[in-house]
Structure formats: C-alpha cells, structure tokens
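Q: Please read through the structure below; I'll follow up with questions.
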Amino acid sequence: MNLTRWLRQGYVVRLRRGWFSFPEFGKNPDFVRLAANKIYKPSYISLQYALAFYGMIPETVVQLTCVTSLKTASFENGWGQFVYQNLKPSLFFGYAPYPIEHPSANGQYFLMATPEKALLDFLYLNSFYKTQEDFESLRLDEDFMTDSLDRERLGGYLKKFASKALNRRVKDLLRLYG
Numbered sequence: 008m009n010l011t012r013w014l015r016q017g018y019v020v021r022l023r024r025g026w027f028s029f030p031e032f033g034k035n036p037d038f039v040r041l042a043a044n045k046i047y048k049p050s051y052i053s054l055q056y057a058l059a060f061y062g063m064i065p066e067t068v069v070q071l072t073c074v075t076s077l078k079t080a081s082f083e084n085g086w087g088q089f090v091y092q093n094l095k096p097s098l099f100f101g102y103a104p105y106p107i108e109h110p111s112a113n114g115q116y117f118l119m120a121t122p123e124k125a126l127l128d129f130l131y132l133n134s135f136y137k138t139q140e141d142f143e144s145l146r147l148d149e150d151f152m153t154d155s156l157d158r159e160r161l162g163g164y165l166k167k168f169a170s171k172a173l174n175r176r177v178k179d180l181l182r183l184y185g
C-alpha cells in the first residue's frame with residue numbers, strides 16, 4: 008500500500024490512527040496547534056501550554072496540553088506529545104479561534120483558551136495547588152497577573168465553574184497579586 012510505504016520513507020507522518028500529515032507542516036507551530044484540535048475533538052488548547060503561550064509562566068512547555076469533554080488521553084507522534092485532560096461538558100467554554108497565518112492555511116484556525124480560562128482550567132484540574140507557597144511555585148508572571156489578566160472575565164468564568172473550593176483558591180491566588 009502506498010500509505011505504508013510513504014510512512015516508512017518519511018513522506019507522511021502519522022499523527023494518530025487515521026490522521027496523517029506531511030512532515031513539513033510540523034515545523035509550523037500553528038499547524039501543530041491545529042492538529043491538536045483535530046486529532047481528538049472536541050478539544051481546545053489550554054493548561055500549561057496556553058499559560059506559556061500567553062507568557063504567564065516562564066517555563067517552555069514541550070507537551071501540547073488541551074482539554075476535552077472526552078476521556079483523558081495522550082498521543083505521541085513525530086510532531087510531539089499531545090495531552091488531553093477531561094472537563095465536564097458544562098465547562099467547555101472560554102476559548103477563541105486563532106487564525107493560522109500561512110499561505111496554505113485556507114482560513115483554518117486553532118482553538119485556544121483565553122488566559123483567564125487557561126488559568127481556571129489549570130487550577131480546577133490541579134486542585135493540589137492550595138497554599139500561598141503552592142501558588143508562588145507556579146511562578147506566574149507578576150506583570151501579566153496585575154496588568155493583563157482580565158479579572159472581570161475571570162470572575163464571570165469562575166461563576167460558571169460553580170465550585171466553592173475553586174473560588175476560594177482563586178481568591179487566595181489573586182491576593183498574591185494585589
């Protein structure tokens with residue numbers, strides 16, 4: 008079969024069972040982000056990857072982290088590691104389309120959480136962050152947290168989570184940043 012031979016010769020890359028691409032697209036981060044949305048959907052990019060994308064954390068994130076309303080999963084391929092965390096369907100909001108700027112993109116876009124939703128998704132799924140020391144260990148960018156974080160949007164999203172524990176943790180986190 009041609010596909011098997013093309014895979015062996017490196018003409019195409021298997022992203023996941025039934026999903027293939029040309030290897031040169033993996034050099035463009037926007038196409039990798041698009042693939043993250045496509046190979047396991049519904050999903051949107053969030054958590055550590057989105058926090059790093061917005062400059063909220065100093066670390067470089069090698070895994071492309073997403074949330075999904077499907078079961079938790081991960082895939083590794085020639086483009087990297089794609090990790091999907093489960094959120095209940097009622098929490099599947101707070102993301103925006105980002106257009107892919109490439110001549111062959113044909114108006115395609117990837118979905119990524121807003122900074123506020125990425126922060127809430129992260130804290131919701133990592134409930135072990137509870138104390139001031141825990142929040143300090145995140146090393147969130149102080150300028151972003153004080154100047155760029157949309158606290159009104161954060162509060163609106165937080166209400167949709169309807170979690171007293173998350174409300175308390177977010178309040179404690181924001182106390183660190185005035």
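Be aware that the sequence shown starts at 8, since it is given in the working numbering, and climbs by one per residue. Where a beta carbon is used, it is the ideal one built from N, C-alpha and C, also for glycine. Since the structure is predicted, the reported quantities are computational estimates derived from the model, not experimental observations.
1) What are the boundary residues of the beta strand (DSSP E) that includes Phe27?
2) Can you check which of these residues, Lys167, Thr121, Phe27 and Asp154, is closest to Tyr102 by C-alpha distance?
3) Nearest-angstrom Cα distance between Lys124 and Arg12?
4) Ends of the alpha helix (DSSP H) at Gln16?
5) What is the residue span of the beta strand (DSSP E) that Asn205 lies within?
6) Does Val90 pass the burial test, meaning 16 or more other C-beta atoms within 10 Å, or should it be called exposed?
7) Within the continuous beta strand (DSSP E) that includes Leu173, where are the two ends?
A: According to the structure data:
1) Start at 1 with the first residue of the sequence shown, and residue 27 comes out as number 20. Segment Trp26 to Ser28, the beta strand (DSSP E) holding Phe27.
2) Stepping through the sequence shown from its first residue, residue 102 is reached at position 95. Comparing alpha carbon positions, the residue from Lys167, Thr121, Phe27 and Asp154 closest to Tyr102 is Thr121.
3) By 1-based counting over the sequence shown, the position of residue 124 is 117. By 1-based counting over the sequence shown, the position of residue 12 is 5. One C-alpha to the other measures close to 43 Å.
4) On the sequence shown, residue 16 is found 9 positions in, with the first residue counted as 1. Membership of Gln16 in the alpha helix (DSSP H) is indicated by the continuous run Asn9 to Gln16.
5) The chain is shown from 8 up to 185; residue 205 falls before or after that span and cannot be answered.
6) Within the sequence shown, numbered from 1, the residue matching residue 90 stands at position 83. Val90 should be labelled buried.
7) Looking up residue 173 in the sequence shown gives position 166. From DSSP, Leu173 is part of no beta strand (DSSP E) but of the alpha helix (DSSP H) over Lys171 to Arg182.
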